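Some notes on the structure that comes next.
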Amino acid sequence: MSKVTQIGHPLILHKLAFIRDKNTGSKDFRELVEEVSMLMAYEVTRDLQMEDVEIETPICKTTCKMLSGKKMAIVPILRAGLGMVDGMLKLIPAAKVGHVGLYRDEETLQPVEYFCKMPQDIAERDVIVVDPMLATGGSAADALTILKKRGAKNLRLVCLISSPEGIKMVSDAHPDVDIYVASIDEKLNEKGYIVPGLGDAGDRLFGTK
Ligand code: PRP
Ligand code: URA
Numbered sequence: 001m002s003k004v005t006q007i008g009h010p011l012i013l014h015k016l017a018f019i020r021d022k023n024t025g026s027k028d029f030r031e032l033v034e035e036v037s038m039l040m041a042y043e044v045t046r047d048l049q050m051e052d053v054e055i056e057t058p059i060c061k062t063t064c065k066m067l068s069g070k071k072m073a074i075v076p077i078l079r080a081g082l083g084m085v086d087g088m089l090k091l092i093p094a095a096k097v098g099h100v101g102l103y104r105d106e107e108t109l110q111p112v113e114y115f116c117k118m119p120q121d122i123a124e125r126d127v128i129v130v131d132p133m134l135a136t137g138g139s140a141a142d143a144l145t146i147l148k149k150r151g152a153k154n155l156r157l158v159c160l161i162s163s164p165e166g167i168k169m170v171s172d173a174h175p176d177v178d179i180y181v182a183s184i185d186e187k188l189n190e191k192g193y194i195v196p197g198l199g200d201a202g203d204r205l206f207g208t209k
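Numbering-wise (the UniProt record's numbering), the sequence shown opens with residue 1 and increments by one.
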């Protein structure tokens with residue numbers, strides 16, 4: 001079973017309330033999604049491997065901790081995942097960015113792949129998949145499968161808002177993938193939207209519809 005971490009930091013929950021508000025326009029929505037993503041990156045990277053390094057301060061020699069693990073990649077699920085990339089990169093600036101394009105068929109709710117471009121060394125990197133919404137879980141599960149087919153082994157999924165159904169779906173399909181969310185909402189409605197959710201993340205980010 002996936003390890004599921006709900007990051008209930010007060011700053012994240014405060015910003016999430018504005019993100020959910022239907023009166024928040026695209027400019028503020030984009031800025032808030034970026035800010036929350038940056039705050040989530042802090043928690044998502046909490047267990048990165050460290051090593052001791054010798055350095056010399058102006059006063060004396062000392063031993064410090066530095067990151068020692070593998071290089072990282074951030075993979076947004078297009079389109080809405082794009083809104084989380086810059087926030088993540090603020091804390092992990094050396095990460096490479098891959099893109100996977102999936103849209104959810106409005107009738108069947110099944111994800112349809114239309115784009116995939118990964119760093120050539122993706123199999124050697126720790127990968128953070130980002131998407132603001134984990135609804136049925138179909139898009140995230142497919143994105144993780146696509147990445148595994150390309151050799152990625154150490155994967156994490158980071159979403160702002162999730163449903164219990166989406167978490168179960170991803171956890172069943174990818175028990176090895178840790179899931180980080182800011183909120184686990186109540187349920188999905190008959191159209192597959194998260195309740196209370198925030199509406200359509202892609203449309204709100206990019207002002208479409
Ligand atoms: C949204 C969202 C997720 C997906 C979640 O994308 O950003 O990728 O739906 O739904 P699921 O868990 O039921 O698969 P959408 O398909 O609307 O595409 P967009 O980002 O281009 O708007
Ligand atoms: N995709 C969204 O953007 N919002 C939802 O609530 C569900 C899927």
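Every residue, glycine too, gets a C-beta built ideally from N, C-alpha and C.
Nothing here was measured: the structure is a model prediction, and the numbers come from that model.
Beta bridge counterpart(s) of residue i as assigned by DSSP
| i | result |
| --- | --- |
| T63 | E54 |
| H99 | K117 |
| K187 | V195 |
| V75 | V129 |
| Q6 | V181 |
| R104 | P111 |
| S162 | L134, I184 |
Beta-carbon proximity check, residue i vs residue j, cutoff 7 Å
| i | j | result |
| --- | --- | --- |
| V181 | K187 | no |
| V128 | V158 | Residue identity differs from the one stated: residue 128 is Ile in this sequence, not Val. It is a contact, given that the beta carbons lie within the stated cut-off. |
| K191 | D126 | no |
| V177 | L155 | yes |
| R20 | L198 | yes |
| S26 | G137 | no |
| I74 | L39 | no |
| P132 | A80 | yes |
| L109 | S139 | no |
| M50 | K65 | yes |
CA-to-CA distance, residue j to residue i, given in whole angstroms
| i | j | result |
| --- | --- | --- |
| G98 | V130 | 11 Å |
| G202 | V53 | 43 Å |
| L67 | T45 | 11 Å |
| R204 | K22 | 9 Å |
| I77 | M84 | 10 Å |
| P93 | E35 | 15 Å |
| G166 | L91 | 27 Å |
| E31 | F18 | 11 Å |
| A152 | E106 | 29 Å |
| D47 | D200 | 32 Å |
| T63 | E56 | 8 Å |
| H14 | I59 | 42 Å |
| K117 | H174 | 21 Å |
| R104 | Y193 | 11 Å |
| D86 | F29 | 14 Å |
| D142 | M72 | 20 Å |
| P10 | L16 | 10 Å |
| E43 | K209 | 33 Å |
| K96 | V33 | 20 Å |
Anticipated Cβ contact below 8 Å, residue i with residue j, distance rounded
| i | j | result |
| --- | --- | --- |
| M88 | A41 | 5 Å |
| I179 | S37 | Not quite, the Cβ-Cβ distance comes to about 15 Å (not below 8 Å), so this is no contact. |
Test: residue i CB closer than 7 Å to a CB of chain B
| i | result |
| --- | --- |
| Q120 | Absent from the structure: chain B. Only one protein chain is present. |
Original post:
Using 8 Å as the Cβ pair cut-off and three pairs as the minimum, do the stretch 161-178 and the stretch 1-15 touch?
Top reply: yes
**OP:** Check whether the stretch 133-146 touches the stretch 98-114, counting contact only when three or more Cβ pairs, one atom from each stretch, lie closer than 8 Å.
**Re:** yes
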